[in-house]
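Okay, so here's the structure we're looking at.
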Amino acid sequence: MLWFFFALTTAICESFRDVFNKKSLKTNDVYIVAWSLNFFTVVFLLPLVFVTGIPEIGDRFFLALAVNSILNGLAFLALMKAIQASDLSKVAPMTTFTPLFLLLTSPLIVGEFPNPSGFIGIALIVTGAYLLNLNARKSGYLAPFKMLWKERGTKLGLLVAFLWSITANFDKIGVQNSAPIFWVASMFAGITLLLSPLVIINSGLKLSKWGSIGKSLVLIGLFNAIAVAFQMFALNLTLVAYVISVKRTSAIFSVVWSKLIFKESGFQERVFGASVMVSGVICIALSG
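Following UniProt numbering, the numbering of the sequence shown begins with 1 at its first residue and continues without gaps.
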(Lines of atoms letter the chains of each structure in order from A and count residues from 1; the text may use other names and numbers.)
(Lines give C-alpha, C1' and ligand atoms only; values in the text may rest on other atoms or scores of the structure.)
Protein backbone atom coordinates (compact mmCIF):
# COMPACT_ATOMS: atom_id res chain seq x y z
CA MET A 1 0.00 0.00 0.00
CA LEU A 2 3.03 2.31 0.08
CA TRP A 3 2.56 2.89 -3.64
CA PHE A 4 -0.94 4.22 -2.91
CA PHE A 5 0.39 6.86 -0.49
CA PHE A 6 3.00 7.93 -3.05
CA ALA A 7 0.42 8.17 -5.85
CA LEU A 8 -2.07 10.10 -3.69
CA THR A 9 0.64 12.59 -2.70
CA THR A 10 1.30 13.05 -6.40
CA ALA A 11 -2.40 13.79 -6.98
CA ILE A 12 -2.59 16.44 -4.25
CA CYS A 13 0.58 18.20 -5.38
CA GLU A 14 -0.59 18.17 -9.01
CA SER A 15 -3.83 19.88 -8.01
CA PHE A 16 -1.84 22.64 -6.27
CA ARG A 17 0.40 22.91 -9.32
CA ASP A 18 -2.59 23.48 -11.62
CA VAL A 19 -4.04 26.12 -9.30
CA PHE A 20 -0.82 28.11 -9.59
CA ASN A 21 -0.76 27.40 -13.34
CA LYS A 22 -4.16 29.09 -13.60
CA LYS A 23 -3.03 32.05 -11.50
CA SER A 24 0.22 32.46 -13.45
CA LEU A 25 -1.51 32.37 -16.84
CA LYS A 26 -3.39 35.54 -15.93
CA THR A 27 -0.16 37.54 -16.11
CA ASN A 28 2.17 35.35 -18.23
CA ASP A 29 1.89 33.69 -21.62
CA VAL A 30 1.61 29.93 -22.20
CA TYR A 31 5.21 29.41 -23.28
CA ILE A 32 6.75 31.20 -20.31
CA VAL A 33 4.60 29.30 -17.82
CA ALA A 34 5.30 25.92 -19.45
CA TRP A 35 9.04 26.61 -19.60
CA SER A 36 9.12 27.89 -16.01
CA LEU A 37 7.27 24.81 -14.73
CA ASN A 38 9.91 22.51 -16.17
CA PHE A 39 12.89 24.72 -15.30
CA PHE A 40 11.95 25.17 -11.64
CA THR A 41 11.12 21.47 -11.35
CA VAL A 42 14.72 20.71 -12.33
CA VAL A 43 15.99 23.29 -9.84
CA PHE A 44 14.15 21.61 -6.96
CA LEU A 45 15.10 18.09 -8.06
CA LEU A 46 18.84 18.73 -8.48
CA PRO A 47 19.65 18.63 -4.73
CA LEU A 48 17.96 15.21 -4.56
CA VAL A 49 20.07 14.02 -7.50
CA PHE A 50 23.24 14.98 -5.63
CA VAL A 51 22.00 13.11 -2.55
CA THR A 52 20.92 9.94 -4.36
CA GLY A 53 23.80 9.97 -6.83
CA ILE A 54 24.04 9.12 -10.53
CA PRO A 55 22.90 5.54 -11.16
CA GLU A 56 24.02 3.05 -13.76
CA ILE A 57 22.33 3.92 -17.07
CA GLY A 58 20.51 1.14 -18.91
CA ASP A 59 20.33 0.60 -22.66
CA ARG A 60 16.78 1.98 -23.03
CA PHE A 61 17.30 5.13 -20.94
CA PHE A 62 18.03 7.55 -23.79
CA LEU A 63 15.16 6.24 -25.92
CA ALA A 64 12.74 6.82 -23.06
CA LEU A 65 14.29 10.25 -22.39
CA ALA A 66 13.91 11.36 -26.00
CA VAL A 67 10.31 10.15 -26.29
CA ASN A 68 9.17 11.65 -23.00
CA SER A 69 10.95 14.97 -23.45
CA ILE A 70 9.17 15.51 -26.77
CA LEU A 71 5.71 14.22 -25.79
CA ASN A 72 5.71 15.87 -22.35
CA GLY A 73 6.80 19.14 -23.90
CA LEU A 74 3.77 18.99 -26.19
CA ALA A 75 1.54 17.89 -23.29
CA PHE A 76 2.56 20.78 -21.03
CA LEU A 77 1.99 23.34 -23.77
CA ALA A 78 -1.44 21.82 -24.47
CA LEU A 79 -2.24 21.78 -20.74
CA MET A 80 -1.37 25.46 -20.33
CA LYS A 81 -3.48 26.41 -23.35
CA ALA A 82 -6.36 24.31 -21.99
CA ILE A 83 -6.24 25.90 -18.53
CA GLN A 84 -6.04 29.33 -20.10
CA ALA A 85 -9.02 28.67 -22.40
CA SER A 86 -11.45 27.00 -19.95
CA ASP A 87 -12.32 26.63 -16.28
CA LEU A 88 -9.86 24.53 -14.31
CA SER A 89 -12.76 22.43 -13.00
CA LYS A 90 -13.57 21.47 -16.61
CA VAL A 91 -10.02 20.82 -17.78
CA ALA A 92 -8.69 18.86 -14.79
CA PRO A 93 -11.27 16.02 -15.05
CA MET A 94 -10.23 15.40 -18.66
CA THR A 95 -6.97 13.91 -17.43
CA THR A 96 -8.95 11.10 -15.78
CA PHE A 97 -9.26 9.59 -19.24
CA THR A 98 -5.57 8.66 -19.09
CA PRO A 99 -6.33 5.29 -17.40
CA LEU A 100 -8.72 4.44 -20.23
CA PHE A 101 -6.03 5.18 -22.81
CA LEU A 102 -3.58 3.16 -20.71
CA LEU A 103 -5.67 0.05 -21.34
CA LEU A 104 -4.41 0.35 -24.90
CA THR A 105 -0.90 1.75 -24.44
CA SER A 106 0.37 -0.24 -21.43
CA PRO A 107 -0.04 -3.72 -22.98
CA LEU A 108 1.71 -2.49 -26.14
CA ILE A 109 4.61 -0.64 -24.49
CA VAL A 110 5.38 -2.40 -21.18
CA GLY A 111 3.23 -5.56 -21.40
CA GLU A 112 1.06 -4.72 -18.38
CA PHE A 113 -2.67 -5.24 -17.97
CA PRO A 114 -4.70 -4.67 -14.78
CA ASN A 115 -6.45 -7.52 -12.98
CA PRO A 116 -10.30 -7.52 -13.00
CA SER A 117 -10.60 -5.48 -9.80
CA GLY A 118 -8.19 -2.88 -11.11
CA PHE A 119 -10.10 -2.76 -14.40
CA ILE A 120 -13.34 -2.02 -12.50
CA GLY A 121 -11.60 0.79 -10.62
CA ILE A 122 -10.38 2.37 -13.84
CA ALA A 123 -13.90 2.10 -15.32
CA LEU A 124 -15.35 3.85 -12.27
CA ILE A 125 -12.91 6.73 -12.61
CA VAL A 126 -13.86 7.21 -16.26
CA THR A 127 -17.55 6.99 -15.31
CA GLY A 128 -16.93 9.70 -12.74
CA ALA A 129 -15.63 11.93 -15.50
CA TYR A 130 -18.96 11.45 -17.29
CA LEU A 131 -20.88 12.35 -14.12
CA LEU A 132 -18.91 15.56 -13.72
CA ASN A 133 -21.08 16.94 -16.57
CA LEU A 134 -24.29 15.15 -15.55
CA ASN A 135 -26.50 18.21 -15.96
CA ALA A 136 -25.84 18.09 -19.69
CA ARG A 137 -27.69 14.73 -19.85
CA LYS A 138 -30.99 16.58 -20.33
CA SER A 139 -29.77 17.16 -23.89
CA GLY A 140 -29.18 13.42 -24.36
CA TYR A 141 -27.36 10.57 -22.68
CA LEU A 142 -24.23 11.21 -24.70
CA ALA A 143 -24.34 14.95 -24.07
CA PRO A 144 -21.78 14.87 -21.21
CA PHE A 145 -19.29 13.32 -23.63
CA LYS A 146 -20.33 15.63 -26.49
CA MET A 147 -19.55 18.58 -24.22
CA LEU A 148 -15.92 17.57 -24.39
CA TRP A 149 -15.85 18.83 -27.97
CA LYS A 150 -17.61 22.14 -27.35
CA GLU A 151 -14.70 23.87 -25.65
CA ARG A 152 -11.12 24.22 -26.78
CA GLY A 153 -9.90 23.68 -23.25
CA THR A 154 -11.57 20.28 -22.79
CA LYS A 155 -10.44 19.05 -26.20
CA LEU A 156 -6.86 20.00 -25.36
CA GLY A 157 -7.30 18.30 -21.99
CA LEU A 158 -8.17 15.05 -23.76
CA LEU A 159 -5.05 15.40 -25.91
CA VAL A 160 -2.99 15.81 -22.74
CA ALA A 161 -4.58 12.67 -21.27
CA PHE A 162 -3.67 10.65 -24.35
CA LEU A 163 -0.09 11.93 -24.44
CA TRP A 164 0.34 11.14 -20.75
CA SER A 165 -0.97 7.60 -21.30
CA ILE A 166 2.10 7.11 -23.51
CA THR A 167 4.64 8.96 -21.38
CA ALA A 168 3.59 7.10 -18.21
CA ASN A 169 4.80 3.85 -19.75
CA PHE A 170 8.11 5.36 -20.83
CA ASP A 171 8.46 6.76 -17.30
CA LYS A 172 8.55 3.19 -16.06
CA ILE A 173 11.15 2.28 -18.69
CA GLY A 174 13.22 5.31 -17.72
CA VAL A 175 13.07 4.46 -14.01
CA GLN A 176 13.98 0.83 -14.66
CA ASN A 177 17.01 1.95 -16.67
CA SER A 178 18.25 4.50 -14.12
CA ALA A 179 16.72 5.65 -10.81
CA PRO A 180 13.51 7.56 -9.93
CA ILE A 181 14.95 10.97 -9.01
CA PHE A 182 17.67 10.92 -11.66
CA TRP A 183 15.10 9.99 -14.30
CA VAL A 184 12.63 12.80 -13.59
CA ALA A 185 15.42 15.38 -13.26
CA SER A 186 16.83 14.29 -16.63
CA MET A 187 13.40 14.31 -18.25
CA PHE A 188 12.44 17.80 -17.09
CA ALA A 189 15.87 19.08 -18.08
CA GLY A 190 15.23 17.63 -21.54
CA ILE A 191 11.80 19.26 -21.72
CA THR A 192 13.29 22.60 -20.62
CA LEU A 193 15.90 22.44 -23.39
CA LEU A 194 13.30 21.57 -26.02
CA LEU A 195 10.94 24.36 -24.93
CA SER A 196 13.67 27.02 -24.80
CA PRO A 197 13.69 27.74 -28.56
CA LEU A 198 9.88 27.98 -28.55
CA VAL A 199 10.01 30.49 -25.70
CA ILE A 200 12.58 32.57 -27.58
CA ILE A 201 10.54 32.47 -30.81
CA ASN A 202 7.08 33.05 -29.30
CA SER A 203 7.85 35.17 -26.24
CA GLY A 204 11.00 36.90 -27.40
CA LEU A 205 12.52 36.78 -23.91
CA LYS A 206 11.21 40.29 -23.36
CA LEU A 207 12.19 41.70 -20.00
CA SER A 208 8.67 43.05 -19.49
CA LYS A 209 7.29 39.49 -19.63
CA TRP A 210 10.00 37.84 -17.58
CA GLY A 211 9.78 40.57 -14.97
CA SER A 212 6.34 39.30 -13.96
CA ILE A 213 7.73 35.90 -12.92
CA GLY A 214 7.12 35.57 -9.22
CA LYS A 215 6.22 33.21 -6.45
CA SER A 216 3.46 31.45 -8.40
CA LEU A 217 5.85 30.14 -11.05
CA VAL A 218 8.36 29.02 -8.44
CA LEU A 219 5.60 27.21 -6.53
CA ILE A 220 4.51 25.48 -9.75
CA GLY A 221 7.97 23.98 -10.00
CA LEU A 222 8.05 23.02 -6.31
CA PHE A 223 4.73 21.18 -6.34
CA ASN A 224 5.52 19.54 -9.66
CA ALA A 225 8.91 18.35 -8.40
CA ILE A 226 7.28 16.72 -5.36
CA ALA A 227 4.55 15.19 -7.52
CA VAL A 228 6.81 13.60 -10.12
CA ALA A 229 9.29 12.31 -7.52
CA PHE A 230 6.55 10.46 -5.66
CA GLN A 231 5.07 9.23 -8.94
CA MET A 232 8.37 7.62 -9.94
CA PHE A 233 8.64 5.87 -6.57
CA ALA A 234 5.08 4.55 -6.99
CA LEU A 235 5.79 3.27 -10.52
CA ASN A 236 8.56 1.10 -9.12
CA LEU A 237 6.08 -0.62 -6.80
CA THR A 238 3.00 -1.43 -8.92
CA LEU A 239 1.38 -1.27 -12.39
CA VAL A 240 1.47 1.92 -14.43
CA ALA A 241 -2.34 1.95 -14.81
CA TYR A 242 -2.86 1.80 -11.02
CA VAL A 243 -0.47 4.67 -10.29
CA ILE A 244 -1.91 6.90 -13.00
CA SER A 245 -5.48 6.10 -11.92
CA VAL A 246 -4.82 7.30 -8.37
CA LYS A 247 -2.77 10.22 -9.66
CA ARG A 248 -5.73 11.37 -11.74
CA THR A 249 -7.77 11.96 -8.58
CA SER A 250 -5.98 15.30 -8.67
CA ALA A 251 -9.11 16.28 -10.61
CA ILE A 252 -11.13 15.89 -7.41
CA PHE A 253 -8.92 18.30 -5.51
CA SER A 254 -8.80 20.68 -8.47
CA VAL A 255 -12.60 20.88 -8.52
CA VAL A 256 -12.60 21.84 -4.84
CA TRP A 257 -9.86 24.46 -5.25
CA SER A 258 -11.65 25.82 -8.34
CA LYS A 259 -14.75 26.50 -6.26
CA LEU A 260 -12.91 27.91 -3.25
CA ILE A 261 -10.33 30.01 -5.09
CA PHE A 262 -11.71 30.81 -8.55
CA LYS A 263 -15.44 30.62 -7.67
CA GLU A 264 -16.18 28.39 -10.67
CA SER A 265 -19.70 27.01 -11.16
CA GLY A 266 -21.01 23.45 -11.46
CA PHE A 267 -19.62 22.41 -8.10
CA GLN A 268 -22.43 20.02 -7.03
CA GLU A 269 -22.40 17.83 -10.13
CA ARG A 270 -18.61 17.75 -10.11
CA VAL A 271 -18.58 16.60 -6.47
CA PHE A 272 -21.00 13.82 -7.44
CA GLY A 273 -18.68 12.71 -10.22
CA ALA A 274 -15.69 13.00 -7.91
CA SER A 275 -17.32 10.64 -5.38
CA VAL A 276 -17.56 7.96 -8.07
CA MET A 277 -13.93 8.55 -8.93
CA VAL A 278 -12.98 8.05 -5.29
CA SER A 279 -14.79 4.70 -5.27
CA GLY A 280 -12.69 3.72 -8.26
CA VAL A 281 -9.53 4.73 -6.40
CA ILE A 282 -10.55 2.58 -3.41
CA CYS A 283 -11.19 -0.36 -5.71
CA ILE A 284 -7.77 0.02 -7.29
CA ALA A 285 -6.07 0.34 -3.90
CA LEU A 286 -7.70 -2.86 -2.64
CA SER A 287 -6.72 -4.70 -5.80
CA GLY A 288 -3.04 -3.86 -5.21
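Glycine included, every Cβ here is placed at the ideal spot set by N, Cα and C.
{"Check": "If you run the structure through DSSP and keep just helix, strand and coil, what is K259?", "Outcome": "helix"}
{"Check": "Count the other C-beta atoms from every protein chain shown that fall within 10 angstroms of the C-beta of L104, then say buried if there are 16 or more, exposed otherwise.", "Outcome": "exposed"}
{"Check": "Starting from the Cα of V255, find the closest Cα among K247, R270, S245 and give me that residue.", "Outcome": "R270"}
{"Check": "For G157, which residues of its own chain have a beta-carbon under 6 Å away from its beta-carbon, when the five flanking residues on both sides are left out?", "Outcome": "A82, V91, M94"}
{"Check": "Sorted by chain position, which residues of the same chain lie with C-beta nearer than 8 Å to L207's C-beta, five sequence neighbours on each side aside?", "Outcome": "Any reading at L207 needs caution, since the residue's pLDDT is 45, under 50, leaving its predicted position unreliable; the model's value is listed next. For L207, where only same-chain residues beyond five positions count, there are no Cβ hits under 8 Å."}
{"Check": "If you compare alpha carbons, which of G58, E14, S69 is closest to L193?", "Outcome": "S69"}
{"Check": "If you reduce the DSSP assignment to three classes, tell me which class K81 lands in.", "Outcome": "helix"}
{"Check": "On the criterion of 16 or more Cβ atoms from any shown chain inside 10 Å, does P180 qualify as buried, or is it exposed?", "Outcome": "buried"}
{"Check": "Give every residue of the same chain whose Cβ lies closer than 6 Å to the Cβ of F267, excluding the five residues on either side of it in the sequence, and list them in chain order.", "Outcome": "K259"}
{"Check": "With a 10 Å radius around its C-beta and 16 neighbouring C-beta atoms as the bar for buried, classify P99 as buried or exposed.", "Outcome": "buried"}
{"Check": "List the whole-angstrom C-beta distance separating F16 from S216, where the pair is believed to meet the contact cut-off of C-beta under 8 Å.", "Outcome": "F16 to S216, Cβ: 11 Å. No contact."}
{"Check": "Decide if the stretch 106-115 is in contact with the stretch 223-232; the criterion is three or more beta carbon pairs, one per stretch, under 8 Å apart.", "Outcome": "no"}
{"Check": "Determine the burial state of R248: buried for a count of at least 16 other Cβ atoms within 10 Å of its Cβ, exposed for fewer.", "Outcome": "buried"}
{"Check": "Taking 8 Å as the cut-off, decide whether the C-beta atoms of N38 and F76 are in contact.", "Outcome": "yes"}
{"Check": "Less than 8 Å between the CB atoms is what I'm expecting for A129 and I244, so what's the real figure, rounded?", "Outcome": "About 14 Å; that fails the 8 Å criterion."}
{"Check": "For F113, name the three-state secondary structure that DSSP assigns.", "Outcome": "coil"}
{"Check": "Going along the chain, which unbroken runs of the alpha helix (DSSP H) with 4 or more residues stay wholly within the UniProt domain \"EamA\" (2-133)?", "Outcome": "2-24, 30-52, 61-85, 88-91, 98-109, 116-131"}
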